[in-house]
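J.: In the numbering used here, the protein residues as written are 97 to 504. C-beta: ideal position from N, C-alpha, C; glycine also. All of these numbers come straight from a predicted model, not from anything done at the bench. If you scroll down you'll find the structure; I have some questions about it.
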């Protein structure tokens, strides 16, 4: 079998959970078949059964003048290049809407089945208008058409499966659930106090850690609000980068500066660190915070749990399928979110509830340790990439067989 994987992100250009997913999945799939990744970037590599081709070196938009639609049209151009460079494939597998147009085109040109993995849905992310302008409406159109065209759909959580079916009227039999995973051999307790000191973190003082992009869905503004109510004898470490827009970057920076004026020990690491460093931060943190307002799965929680750190997360999307409330961390109910500004209906109540759960773990180190160990046990039992790749490969075989049977 020859598998064509389409992805915006691929090493070394990874900034979100979908990129982590593609990285580890392709490594394991390449043990079962030939895997050819087409991605954004300048990649050009081949190692055994795994090869990767970045399209950026063939897509030149340098001469484009400023225009409201250019960012979106650059995605369309990259998708066309992905299609052009895919000469053959037994199955096409797309990750995120960025590559969906390439998937649709390649499906028709190669007459090979198309699979989508649902990491998120554009229709549930209205704040993306800030990033894409009217291009957001085109991204939604592409996504809708892709889901209605796809021969198979992988949802990363049960909630995501329900969302796909409801949003795009997809036949339920077309959608299967295969959870995200991680490599527990890589993500395990790893300690290095010198790294903490490099970023201004005091190893002797417990800290609450956030790792994520600066985007509305990750709820960083809600965490900053909650931090006003955290125990005084803790640090707040915000490893936050890759802002969606200049405006949200400035807005978040202002909130952090206000929090720093109110309490000591607020540390901003304004870059997306390599995972070798991030796992050290996970391991030293007493609590990992995931205040997402929209989270189809939440792979980052698995990473923290594998490093034996308890997680406090909002009870949205796939997060309740990861955190066992009261055993591996705590879930904080999120009653509703305003679609106009993408904030909880009662932000202060959510922030206080979130802080209360964080404070339980800050006050009781032994509780944090026991929950952290339970979290790693859950990761080892449920979320290894080897088993996920085998399940995915079996699903490929099922979809290919159905596609060939239904051909006219």
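#1: Along the beta strand (DSSP E) that carries residue 410, what are the first and last residues, could you check?
#2: Are residue 258 and residue 390 close, meaning C-beta to C-beta below 8 Å?
#3: Look up residue 268 in the DSSP assignment and say whether it is helix, strand or coil.
#4: What's the gap between the Cα of residue 120 and the Cα of residue 278?
#5: Using 10 angstroms around the beta-carbon of residue 397, count the other beta-carbons present and answer buried if the total reaches 16, otherwise exposed.
#6: Is residue 260 near residue 243, with beta carbons less than 8 Å apart?
#7: Based on Cα-Cα distance, which residue from 156, 215, 466, 179 lies nearest to residue 205?
#8: Rounded to a whole number of angstroms, what is the C-alpha to C-alpha distance between residue 213 and residue 118?
#9: Would a C-beta distance cut-off of 8 Å place residue 419 and residue 427 closer than the cut-off?
#10: Taking the Cβ atom as the reference point for each residue, do residue 317 and residue 191 lie within a distance shorter than 8 Å?
#11: Is it a yes or a no for the segment 405-421 touching the segment 378-394, going by three-plus beta-carbon pairs under 8 Å?
#12: Quick one: what does DSSP say residue 382 is sitting in, helix, strand or coil?
#13: Among residues of its own chain, excluding the 5 on either side of residue 286, which ones have a beta-carbon nearer than 6 Å to its beta-carbon?
#14: Starting from residue 46, trace the alpha helix (DSSP H) in both directions and tell me its first and last residue.
#15: Between the C-alpha atoms of residue 302 and residue 115, what's the straight-line distance to the nearest angstrom?
#16: Let's test the definition: count the other Cβ atoms within 10 Å of the Cβ of residue 141 and tell me whether it reaches 16, buried, or not, exposed.
#17: Below 8 Å on the Cβ atoms is my contact criterion, and I expect residue 330 with residue 369 to pass it. Report the Cβ-Cβ distance as a whole number of Å.
#18: Tell me residue 421's beta-bridge partners as DSSP assigns them.
#19: So what does DSSP say about residue 162, is it helix, strand or coil?
#20: Select from 293, 230, 223 the residue whose C-alpha is nearest the C-alpha of residue 315.
#21: If you scan the segment 280-338 from start to end, which runs of the alpha helix (DSSP H) of 4 or more residues do you find wholly inside it?
#22: Tell me, to the nearest whole angstrom, how far the beta carbon of residue 447 is from that of residue 296; I am working on the premise that it is less than 8 Å.
#23: With distances taken from CA atoms, which of 150, 407, 98, 269 is nearest residue 109?
#24: At what residues does the beta strand (DSSP E) containing residue 141 begin and finish?
#25: From 304, 185, 159, 153, pick the residue whose C-alpha is nearest to that of residue 174; which is it?
#26: Where in the segment 436-460 do unbroken runs of the alpha helix (DSSP H), each at least 4 residues long, occur, reported from the N-terminal end onward?
#27: What residue does the beta strand (DSSP E) around residue 353 start on, and which one ends it?
#28: Counting only the same chain and skipping the five closest in sequence on each side, list residues whose C-beta sits under 7 Å from that of residue 112.
#29: Determine the direct distance from the alpha carbon of residue 163 to that of residue 183, and round the result to whole angstroms.
#30: Mapping DSSP to helix, strand and coil, what is residue 364?
#31: Using beta-carbon positions only, say whether residue 443 and residue 433 come within less than 8 Å of one another.
#32: Does the distance from the CB of residue 199 to the CB of residue 491 come in under 8 Å?
#33: Can residue 384 and residue 319 be called in contact, C-beta distance under 8 Å?
#34: How would you write the range of the alpha helix (DSSP H) that residue 228 sits in, first residue to last?
#35: In this structure, how does DSSP classify residue 127 when only helix, strand and coil are distinguished?
T.: For this structure:
#1: The sequence position of residue 410 within the chain shown is 314, counting from 1. Run containing residue 410: 407-410, per the beta strand (DSSP E) assignment.
#2: Your numbering for residue 258 matches position 162 in the chain shown. Your numbering for residue 390 matches position 294 in the chain shown. Contact: no.
#3: The residue labelled residue 268 in the question sits at position 172 within the chain shown. Three-state DSSP puts residue 268 in a helix.
#4: Along the chain shown, read from residue 1 onward, the residue named residue 120 stands at position 24. Along the chain shown, read from residue 1 onward, the residue named residue 278 stands at position 182. Going by the C-alpha atoms only, they are around 7 Å apart.
#5: As a working note, residue 397 is residue 301 in the chain shown. Counting Cβ neighbours within 10 Å, residue 397 comes out buried, since at least 16 surround it.
#6: Taking the first residue of the chain shown as 1, we reach residue 260 at position 164. Taking the first residue of the chain shown as 1, we reach residue 243 at position 147. Against a cut-off of 8 Å, the Cβ pair of residue 243 and residue 260 comes out as a contact.
#7: Numbered from 1 along the chain shown, position 109 holds the residue referred to as residue 205. Ranking 156, 215, 466, 179 by Cα distance to residue 205 puts 179 first.
#8: Position 117 of the chain shown, counting from 1, holds the residue named residue 213. Position 22 of the chain shown, counting from 1, holds the residue named residue 118. Their Cα atoms are separated by approximately 10 Å.
#9: Counting from one through the chain shown, the residue named residue 419 turns up at place 323. Counting from one through the chain shown, the residue named residue 427 turns up at place 331. Taking C-beta atoms as the reference points, residue 419 and residue 427 count as a pair closer than 8 Å.
#10: For the purposes of this step, residue 317 is taken as the residue at position 221 of the chain shown. For the purposes of this step, residue 191 is taken as the residue at position 95 of the chain shown. No, Cβ-Cβ distance for residue 317 and residue 191 is not below 8 Å.
#11: yes
#12: Position 286 of the chain shown holds residue 382. Looking at residue 382 - three-state DSSP - the assignment turns out to be coil, as it is neither helix nor strand.
#13: Taking the chain shown and counting its residues from 1, one reaches residue 286 at position 190. Cβ within range, chain order: 375, 376, 379.
#14: The requested residue 46 is not part of the displayed model; the chain covers only 97 to 504.
#15: One-based indexing of the chain shown puts residue 302 at position 206. One-based indexing of the chain shown puts residue 115 at position 19. One alpha carbon belongs to residue 302, the other to residue 115, and they sit about 30 Å apart.
#16: By one-based count along the chain shown, residue 141 stands at place 45. It counts as exposed.
#17: One-based indexing of the chain shown puts residue 330 at position 234. One-based indexing of the chain shown puts residue 369 at position 273. So it is not a contact: roughly 21 Å between Cβ atoms.
#18: Within the chain shown, the letter at position 325 stands for residue 421. Looking at the DSSP assignment, residue 421 forms a beta bridge with 425.
#19: As a first step, residue 162 must be located in the chain shown, where it is residue number 66. In this structure, residue 162 counts as coil in the three-state DSSP scheme.
#20: As a position in the chain shown, residue 315 is number 219, starting the count at 1. It is 223.
#21: Fully enclosed alpha helix (DSSP H) runs of 4 or longer: 289-294, 316-322.
#22: Looking up residue 447 in the chain shown gives position 351. Looking up residue 296 in the chain shown gives position 200. That belief does not hold up - the Cβ atoms of residue 447 and residue 296 are roughly 25 Å apart, past 8 Å.
#23: Translated into positions along the chain shown, residue 109 becomes position 13. Of the candidates 150, 407, 98, 269, the one whose C-alpha sits nearest the C-alpha of residue 109 is 150.
#24: Taking the chain shown and counting its residues from 1, the one referred to as residue 141 is at position 45. First-last of the beta strand (DSSP E) with residue 141: 140-143.
#25: What you label residue 174 is simply residue 78 of the chain shown in a count that begins at 1. Closest option to residue 174, Cα to Cα, is 153.
#26: 443-459
#27: Position 257 of the chain shown, counting from 1, holds the residue named residue 353. Run containing residue 353: none in the beta strand (DSSP E); it sits in the alpha helix (DSSP H), 342-358.
#28: For the purposes of this step, residue 112 is taken as the residue at position 16 of the chain shown. Cβ neighbours of residue 112 beyond the five flanking positions: 105, 309.
#29: In the chain shown, the residue the question calls residue 183 occupies position 87. In the chain shown, the residue the question calls residue 163 occupies position 67. If I take the Cα positions, the gap works out to 33 Å.
#30: By 1-based counting over the chain shown, the position of residue 364 is 268. Residue state, collapsed to three classes: strand.
#31: Here the question's residue 443 lines up with position 347 in the chain shown. Here the question's residue 433 lines up with position 337 in the chain shown. No, the Cβ-Cβ distance between residue 443 and residue 433 is not below 8 Å.
#32: As a working mapping, residue 199 is identified with position 103 in the chain shown. As a working mapping, residue 491 is identified with position 395 in the chain shown. In this structure, residue 491 does not lie closer than 8 Å to residue 199 by Cβ.
#33: Along the chain shown, read from residue 1 onward, the residue named residue 384 stands at position 288. Along the chain shown, read from residue 1 onward, the residue named residue 319 stands at position 223. With contacts defined by Cβ atoms closer than 8 Å, residue 384 and residue 319 do not form a contacting pair.
#34: As a first step, residue 228 is located in the chain shown; it is residue number 132 there, counting from the start. Looking at the DSSP string, the run of the alpha helix (DSSP H) that includes residue 228 is 225-228.
#35: Sequence index remark: in the chain shown, residue 127 carries index 31 (1-based). It is coil, neither helix nor strand.
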